[in-house]
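For what it's worth, numbering that gives the first Met the number 0 labels the leading residue of the sequence shown as 0, then goes sequentially. Glycine is no exception: its CB is placed at the ideal position from the N, C-alpha and C atoms. Quick caveat, the model's predicted, so the values are computed rather than measured. Here is the structure we will look at, set down as structure tokens.
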Amino acid sequence: MSDFDTQLDNYMEIILRVGLNLQPGQTLRIGAGGGVALDHAAQVRQLARKAYDLGAGNVQVTWRDLETQRMWFERASAQALESFSSAQVQVEQELIDQHAAMASLAGADPDAFATVDAARMGVAMKAQGIAMRPVSAQIMAGRVPWVVAAMASPGWAHKVFPDKTPDEALSALWAYIFHAVRADTPDPIAAWRTHVDQLSTRVAALDRHHFAGLRYRGPGTDLTIVLPAKHRWIGGGGKDSRGIPFVPNIPTEEVFSLPQRDGVYGTVRGTMPVLLRGTVVDGIAMRFEAGRVVEYAATQGQEALKGLIETDEGSRYLGEVALVTDDSPTFATFPLYSTLFDENVTCHIALGKAYAACLQDGDLMSVEQLAAEGANDSAAHWDFMIGSPELEIDGETADGQLVPIIRNGAWRLG
Numbered sequence: 000m001s002d003f004d005t006q007l008d009n010y011m012e013i014i015l016r017v018g019l020n021l022q023p024g025q026t027l028r029i030g031a032g033g034g035v036a037l038d039h040a041a042q043v044r045q046l047a048r049k050a051y052d053l054g055a056g057n058v059q060v061t062w063r064d065l066e067t068q069r070m071w072f073e074r075a076s077a078q079a080l081e082s083f084s085s086a087q088v089q090v091e092q093e094l095i096d097q098h099a100a101m102a103s104l105a106g107a108d109p110d111a112f113a114t115v116d117a118a119r120m121g122v123a124m125k126a127q128g129i130a131m132r133p134v135s136a137q138i139m140a141g142r143v144p145w146v147v148a149a150m151a152s153p154g155w156a157h158k159v160f161p162d163k164t165p166d167e168a169l170s171a172l173w174a175y176i177f178h179a180v181r182a183d184t185p186d187p188i189a190a191w192r193t194h195v196d197q198l199s200t201r202v203a204a205l206d207r208h209h210f211a212g213l214r215y216r217g218p219g220t221d222l223t224i225v226l227p228a229k230h231r232w233i234g235g236g237g238k239d240s241r242g243i244p245f246v247p248n249i250p251t252e253e254v255f256s257l258p259q260r261d262g263v264y265g266t267v268r269g270t271m272p273v274l275l276r277g278t279v280v281d282g283i284a285m286r287f288e289a290g291r292v293v294e295y296a297a298t299q300g301q302e303a304l305k306g307l308i309e310t311d312e313g314s315r316y317l318g319e320v321a322l323v324t325d326d327s328p329t330f331a332t333f334p335l336y337s338t339l340f341d342e343n344v345t346c347h348i349a350l351g352k353a354y355a356a357c358l359q360d361g362d363l364m365s366v367e368q369l370a371a372e373g374a375n376d377s378a379a380h381w382d383f384m385i386g387s388p389e390l391e392i393d394g395e396t397a398d399g400q401l402v403p404i405i406r407n408g409a410w411r412l413g
């Protein structure tokens, strides 16, 4: 096989064995989270073939066509945009009840919906988010194994490398992906075991210190984040409801937890352009009081950002805080226009729903109990990047002492 074929095969192995930890007889769902774009048909077939080779009982694929989806956003009636199929929710619930492994494949053209009215798209995405909230909560809580991975496409490649020819751009993007996910190493599975162990060491250090809060200082950023009393850190994956380990993001370089819903104060500045519902959002600036976004702006994509923040009351609060260093294979000096990769390049925070697993015994709590412990709830969850070499992050102890966590993009906490 060529180097490309070998690395693509390695990548498929990583998705199935590391990301999902697919078990014999288990159903694999490809296209979770809205379907997989037709651009990725060849890779989907290869992934399905390898899944069967690894003992999958059944492989189900949900497709989406970007052209007809754009037509729907542009031409569907207002009533259609505001509704969401209960039958689709039922299908998702049945797969969860079967303990299916859920694979979402990103990588479609980031500009596929660039001409769509942000307000119309926001209405549709809000309806979907609300309808799918019970399903999303189970997946985010790790009831079943799930993974988000990405496949290169011509449109995405052109967005990332606009100065290259189409073939050069596609090759460059695949090369970046293979390196970022360690598919270009001699033993990718062993490399991932080592990497997961390193993230687990960082998690252990953060849990051992059990900081009362975090302090962020950098250009345009002066932010204090209070952490809930029962918070815990996650990194390198988790375990599903049957105790099977899995890694939900390929790649993953973050360790993350949740803020106290009403405990975020100060200002923060975004440091990378990011994709939101098909729109590039850049130049983000926000100010928080008692956890709530009270001022926000963007130099690009302001309407998309407004639509996200106005999804519901919870979308005005943070649900995630994530720490990422610059010494990983994902590091890039250019935007990837893919949340999956951008969030693993640098530190980020997320508006919207918190992960229940970031609270001790959170997976066993009701929505009301999670709220009482400080977790935010929302139909939305959207990451945006705030890291830079100039950003300093400290942990704040209960008695107000500051302990360095990240300096100059490097991990400092022991």
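### Query
Does the beta-carbon of Pro272 have 16 or more other beta-carbons within 10 angstroms, so that it is buried, or is it exposed?
Residue numbering aside, residue 272 sits at position 273 when the sequence shown is read from its first letter. Under this definition Pro272 is a buried residue.
### Message
For Gly234, list the residues DSSP reports as bridge partners.
### Response
As a working note, residue 234 is residue 235 in the sequence shown. Per DSSP, Val254.
### Query
Three or more C-beta pairs closer than 8 Å, one from the segment 187-202 and one from the segment 224-242: is that the case here?
yes
### Query
Looking at Ile392 and Tyr215, is the spacing between their C-beta atoms short of 8 Å?
Taking the sequence shown and counting its residues from 1, one reaches residue 215 at position 216. Taking the sequence shown and counting its residues from 1, one reaches residue 392 at position 393. Tyr215 places its beta carbon less than 8 Å from that of Ile392.
#### Entry: Residue from Thr266, Val195, Ala55 and Thr396 with nearest C-alpha to Thr220
One-based indexing of the sequence shown puts residue 220 at position 221. Of the listed residues, the one whose Cα sits closest to Thr220 is Thr266.
#### Entry: Ala130 versus Thr298 - alpha carbon distance
To locate residue 130, count along the sequence shown from 1; it is residue 131. To locate residue 298, count along the sequence shown from 1; it is residue 299. If I take the Cα positions, the gap works out to 31 Å.
### Query
If Phe245 sits next to Val180, beta carbons under 8 Å apart, how far is it from one beta carbon to the other, in whole angstroms?
Residue 245 sits at position 246 when you count from the first residue of the sequence shown. Residue 180 sits at position 181 when you count from the first residue of the sequence shown. Incorrect: roughly 15 Å between the Cβ atoms, too far for contact.
### Query
Hey, out of Gln42, Val323 and Leu369, whose CA is closest to Ser103's CA?
Along the sequence shown, read from residue 1 onward, the residue named residue 103 stands at position 104. Nearest of Gln42, Val323 and Leu369 to Ser103, Cα basis: Gln42.
### Element boundaries [beta strand (DSSP E), containing His380]
Against the sequence shown, residue 380 aligns to sequence position 381. Note, His380: beta strand (DSSP E), His380 to Met384.
### Query
Can you tell me where the alpha helix (DSSP H) with Val90 in it begins and where it stops?
Residue 90 sits at position 91 when you count from the first residue of the sequence shown. Unbroken alpha helix (DSSP H) run through Val90: Ser85 to Asp96.
#### Entry: Proximity to Ala284 [Cα-Cα], best of Ala75, Arg291 and Thr270
On the sequence shown, residue 284 is found 285 positions in, with the first residue counted as 1. With distances taken between Cα atoms, Ala284 lies closest to Thr270.
### Task
Going by DSSP, name the residue or residues bridged to Thr338.
Counting from one through the sequence shown, the residue named residue 338 turns up at place 339. Looking at the DSSP assignment, Thr338 forms no beta bridge with any residue, so it has no partner.
#### Entry: Spatial distance of Glu252 from Glu389 (CA atoms)
Numbered from 1 along the sequence shown, position 253 holds the residue referred to as residue 252. Numbered from 1 along the sequence shown, position 390 holds the residue referred to as residue 389. Taking the straight line joining both Cα atoms gives about 19 Å.
### Message
Please report the distance separating the alpha-carbon of Ala117 from that of Arg260.
### Response
Within the sequence shown, residue 117 is the residue found at index 118, counting from 1. Within the sequence shown, residue 260 is the residue found at index 261, counting from 1. Between Ala117 and Arg260, the C-alpha separation is close to 27 Å.
### Message
Just to confirm, is the Cβ distance from Val280 to Tyr336 under 8 Å?
### Response
Looking up residue 280 in the sequence shown gives position 281. Looking up residue 336 in the sequence shown gives position 337. For Val280 and Tyr336, no; Cβs fall outside 8 Å.
### Message
Quick test of the definition: if touching needs 3 or more C-beta pairs under 8 Å, does the segment 9-16 touch the segment 32-47?
### Response
yes
### Message
Helix, strand or coil, according to DSSP, for Leu39 in the structure here?
### Response
Position 40 of the sequence shown, counting from 1, holds the residue named residue 39. Reading off the sequence, residue 39 comes out as His, not Leu. Helix, per DSSP.
#### Entry: Expected contact under 8 Å - CB spacing of Asp183 and Gln6 to nearest Å
One-based indexing of the sequence shown puts residue 183 at position 184. One-based indexing of the sequence shown puts residue 6 at position 7. Between Gln6 and Asp183 the Cβ distance is about 5 Å, and since that is below 8 Å, they are a contact.
### Task
Work out the CA separation of Gly121 and Arg74 for me, nearest whole Å.
Your numbering for residue 74 matches position 75 in the sequence shown. Your numbering for residue 121 matches position 122 in the sequence shown. Approximately 14 Å between the Cα atoms of the pair.
### Query
For Ile283 and chain D, any beta-carbon pair shorter than 8 Å?
Protein chains in the displayed structure number just one, and chain D is not present.
#### Entry: Delimiting residues of the alpha helix (DSSP H) encompassing Gly121
As a working note, residue 121 is residue 122 in the sequence shown. Note, Gly121: alpha helix (DSSP H), Ala117 to Ala130.
### Message
Out of Gly306, Asp326 and Thr338, which one is the CA nearest neighbour of Ala378?
### Response
Counting from one through the sequence shown, the residue named residue 378 turns up at place 379. Selected option, being the one with the closest Cα: Gly306.
#### Entry: Boundaries of the beta strand (DSSP E) in which Glu294 is found, first to last residue
Position 295 of the sequence shown holds residue 294. First-last of the beta strand (DSSP E) with Glu294: Arg291 to Ala296.
### Query
If you draw a straight line from the C-alpha of Val292 to the C-alpha of Gly408, how long is it?
Within the sequence shown, residue 292 is the residue found at index 293, counting from 1. Within the sequence shown, residue 408 is the residue found at index 409, counting from 1. Approximately 26 Å, taken between the alpha carbons.
### Task
Output yes or no for whether 8 Å exceeds the beta carbon distance between Asp38 and Ala86.
Locating residue 38 in the sequence shown gives position 39, counting from the first residue. Locating residue 86 in the sequence shown gives position 87, counting from the first residue. No. Outside cutoff.
### Message
Taking the alpha helix (DSSP H) that Ala189 belongs to, which residues open and close that run?
### Response
By 1-based counting over the sequence shown, the position of residue 189 is 190. First-last of the alpha helix (DSSP H) with Ala189: Pro187 to His208.
### Close-in-space but distant-in-sequence residues of the same chain around Arg63 (CB under 8 Å, 5 per side omitted)
What you label residue 63 is simply residue 64 of the sequence shown in a count that begins at 1. The residues are Gly30, Gly33, Gly34, Val35, Ala36 and Leu37.
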